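Chemist: Below: one structure in structure tokens.
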Amino acid sequence: MTLLPKCCRSVSFRQNLLPLWKTCVLFSTSSTVPAAEGKALLKKRRRKGQKEPGWDSHLSWEERLADRVTPLWRLSYEEQLERKQKHQEVILSHISGKLHFPVLSILPSPVTEGYRNKSTFSVNQGVDGNPKTVGFYVGTWRDENIVCVNGDHLLNMPERHKLVARCYQDFMRCSALDPCLMFHTGGHWREVTVRTNAQCHTMAIVYFHPQRLTPQEVAVHKAELVDYFTQGPGSVCELDSLFFQESAMTRCTHEESPYQLLHGQPHIYEE
70 MTLLPKCCRS VSFRQNLLPL WKTCVLFSTS STVPAAEGKA LLKKRRRKGQ
120 KEPGWDSHLS WEERLADRVT PLWRLSYEEQ LERKQKHQEV ILSHISGKLH
170 FPVLSILPSP VTEGYRNKST FSVNQGVDGN PKTVGFYVGT WRDENIVCVN
220 GDHLLNMPER HKLVARCYQD FMRCSALDPC LMFHTGGHWR EVTVRTNAQC
270 HTMAIVYFHP QRLTPQEVAV HKAELVDYFT QGPGSVCELD SLFFQESAMT
320 RCTHEESPYQ LLHGQPHIYE E
């Protein structure tokens, strides 16, 4: 069942909105395809055993990741705005039948790279087969072709986020504990979330599966984590806050498994 906002209860609004859903446009780096046609095309490729466009063998792993995370990265910023502008006009024309009003141009952002203030990095087997690789997934669980690819080349990510991810990977590879790739196969180290603000204050949150470790054993590895990021090679990250969440679930609330402040300030602020 699809839930619509209150404004969508109007019969006339729904009549204008439904055709828009059916003709929703899917963006890619090469072309745009109506959603219905796009789904049919993907099903046809799967029946024939063909790979999706993002899996072209001539593309590097870094290019495949960039295509998934920043699909317009091959275009100049001006070309990206032009494409988005046209897409806006198509949507508005579907809603109103035709445009009876001018559509103002999109205002360009003064910051076009490194603008994210939050990044969550996964842990899994990398391109080289190392299971202690920090990055982003390329592939699907359904097709069993998941690979974790480093995100250092991504244009939307701040350098500070990339630095924390590299250091966390270095820490894991020095740790005696295995990464937790699948809960039922064991392992402990999971993903890391990095938050920054306009003042470059940095917070890192490390997620950890305790498995059968005692609280005393977990405390030893927490101490190693703190030492690495405060006294060891990870000190280059200059973390203002380092949190640790110990959980046997994929996602849980602070009440279910409280975030533990291991180092620094409990908050960072954005003005």
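Take the sequence shown: its position 130, counting from 1, is numbered 199 in the working numbering, and each next residue is one higher. Every residue gets a Cβ at the ideal spot worked out from N, C-alpha and C, and that includes glycine. Remember, predicted model here, so these are calculated numbers, not experimental data.
In angstroms with no decimal places, state the Cα-to-Cα distance between C243 and H156.
Modeler: Counting from 1 along the sequence shown, the entry for residue 243 is found at position 174. Counting from 1 along the sequence shown, the entry for residue 156 is found at position 87. Near 48 angstroms, if we compare the C-alpha coordinates of H156 and C243.
Chemist: Is the number of C-beta pairs between the stretch 247–260 and the stretch 159–172 that are closer than 8 angstroms three or more?
Modeler: No, the stretch 247–260 is not in contact with the stretch 159–172.
Chemist: Put Y297 into one of helix, strand or coil per three-state DSSP.
Modeler: As a position in the sequence shown, residue 297 is number 228, starting the count at 1. Helix.
Chemist: Check whether the Cβ atoms of W130 and V172 sit closer than 8 angstroms, and answer yes or no.
Modeler: Here residue 130 refers to the residue found at position 61 when the sequence shown is read from its first residue. Here residue 172 refers to the residue found at position 103 when the sequence shown is read from its first residue. For W130 and V172, no; Cβs fall outside 8 angstroms.
Chemist: Mind checking which residues open and close the alpha helix (DSSP H) that includes K155?
Modeler: Counting from one through the sequence shown, the residue named residue 155 turns up at place 86. Element bounds for K155: Y146 to S165.
Chemist: So what does DSSP say about R229, is it helix, strand or coil?
Modeler: Here residue 229 corresponds to residue number 160 of the sequence shown, with the count starting at 1. Here R229 sits in helix by DSSP.
Chemist: From E339 to R152, what does the alpha carbon distance come to, in whole angstroms?
Modeler: On the sequence shown, position 270 is the one that residue 339 refers to. On the sequence shown, position 83 is the one that residue 152 refers to. So the alpha carbons of these two residues sit roughly 32 angstroms apart.
Chemist: Just confirm the distance between the C-beta atoms of H278 and R264, as a whole number of angstroms; I'd bet it's less than 8 angstroms.
Modeler: On the sequence shown, residue 278 is found 209 positions in, with the first residue counted as 1. On the sequence shown, residue 264 is found 195 positions in, with the first residue counted as 1. Rounded, the Cβ-Cβ distance is 22 angstroms, inconsistent with contact.
Chemist: Would you kindly work out how many angstroms separate the C-alpha atoms of L128 and L134, rounded to a whole number?
Modeler: Numbered from 1 along the sequence shown, position 59 holds the residue referred to as residue 128. Numbered from 1 along the sequence shown, position 65 holds the residue referred to as residue 134. Their backbone Cα atoms lie some 10 angstroms apart in a straight line.
Chemist: Does T202 come out as helix, strand or coil in the three-state DSSP assignment?
Modeler: In the sequence shown, the residue the question calls residue 202 occupies position 133. If DSSP states are grouped into helix, strand and coil, T202 belongs with the strands.
Chemist: Below 6 angstroms CB to CB, which residues in the same chain sit around L232 once its five sequence neighbours on both sides are set aside?
Modeler: Here residue 232 refers to the residue found at position 163 when the sequence shown is read from its first residue. Excluding sequence neighbours, L232 sits near C306.
Chemist: Expressed to the nearest angstrom, what Euclidean distance is found between the alpha-carbon atoms of Q280 and D136?
Modeler: Locating residue 280 in the sequence shown gives position 211, counting from the first residue. Locating residue 136 in the sequence shown gives position 67, counting from the first residue. Distance between the alpha carbons of Q280 and D136: 36 angstroms.
Chemist: Give the straight-line distance between the Cα atoms of H336 and V275, rounded to the nearest whole angstrom.
Modeler: By one-based count along the sequence shown, residue 336 stands at place 267. By one-based count along the sequence shown, residue 275 stands at place 206. So the alpha carbons of these two residues sit roughly 15 angstroms apart.
Chemist: For T189, tell me which candidate among F205, T319, V180 and P179 has the shortest Cα-Cα distance.
Modeler: By one-based count along the sequence shown, residue 189 stands at place 120. The shortest Cα separation from T189 among F205, T319, V180 and P179 belongs to F205.
Chemist: Is it right to say C217 is buried, meaning 16 or more other beta carbons lie within 10 angstroms of its own, or is it exposed?
Modeler: Numbered from its first residue, the sequence shown carries residue 217 at position 148. Buried: at least 16 other Cβ atoms inside 10 Å.
Chemist: Excluding the five sequence neighbours on either side, which residues of its own chain have a C-beta within less than 8 angstroms of the C-beta of I215, listed in chain order?
Modeler: As a first step, residue 215 is located in the sequence shown; it is residue number 146 there, counting from the start. Excluding residues within five positions, the ones whose Cβ falls inside 8 angstroms are N193, Q194, Y206, V207, G208 and T209.
Chemist: Relative to the C-alpha of T262, which residue among P200, F312 and D296 is closest?
Modeler: As a working note, residue 262 is residue 193 in the sequence shown. Here the closest residue by C-alpha is F312.
Chemist: Taking C-alpha atoms, which residue in E148, E286 and R211 lies nearest to A245?
Modeler: Numbered from its first residue, the sequence shown carries residue 245 at position 176. Checking every option, the nearest Cα to that of A245 belongs to E286.
Chemist: Tell me the DSSP secondary structure of L134 in three-state form.
Modeler: Taking the sequence shown and counting its residues from 1, the one referred to as residue 134 is at position 65. L134 falls in the helix class under three-state DSSP.
Chemist: Quick check on DSSP: helix, strand or coil for H285?
Modeler: Within the sequence shown, residue 285 is the residue found at index 216, counting from 1. Position check: residue 285 holds Gln in this sequence, whereas His was assumed. Helix.
Chemist: Tell me whether A234 is buried or exposed, calling it buried when 16 or more other Cβ atoms sit within 10 Å of its Cβ.
Modeler: On the sequence shown, residue 234 is found 165 positions in, with the first residue counted as 1. Buried is the call here.
Chemist: Sorted by chain position, which residues of the same chain lie with C-beta nearer than 8 angstroms to G183's C-beta, five sequence neighbours on each side aside?
Modeler: Here residue 183 refers to the residue found at position 114 when the sequence shown is read from its first residue. Result list for G183: L224, N225, M226, P227 and E228, in chain order.
Chemist: Let me know if Y297 comes out buried or exposed under the rule of 16 or more other beta-carbons within 10 Å of its beta-carbon.
Modeler: Here residue 297 refers to the residue found at position 228 of the sequence shown. It is buried - the Cβ of Y297 has at least 16 other Cβ atoms within 10 Å.
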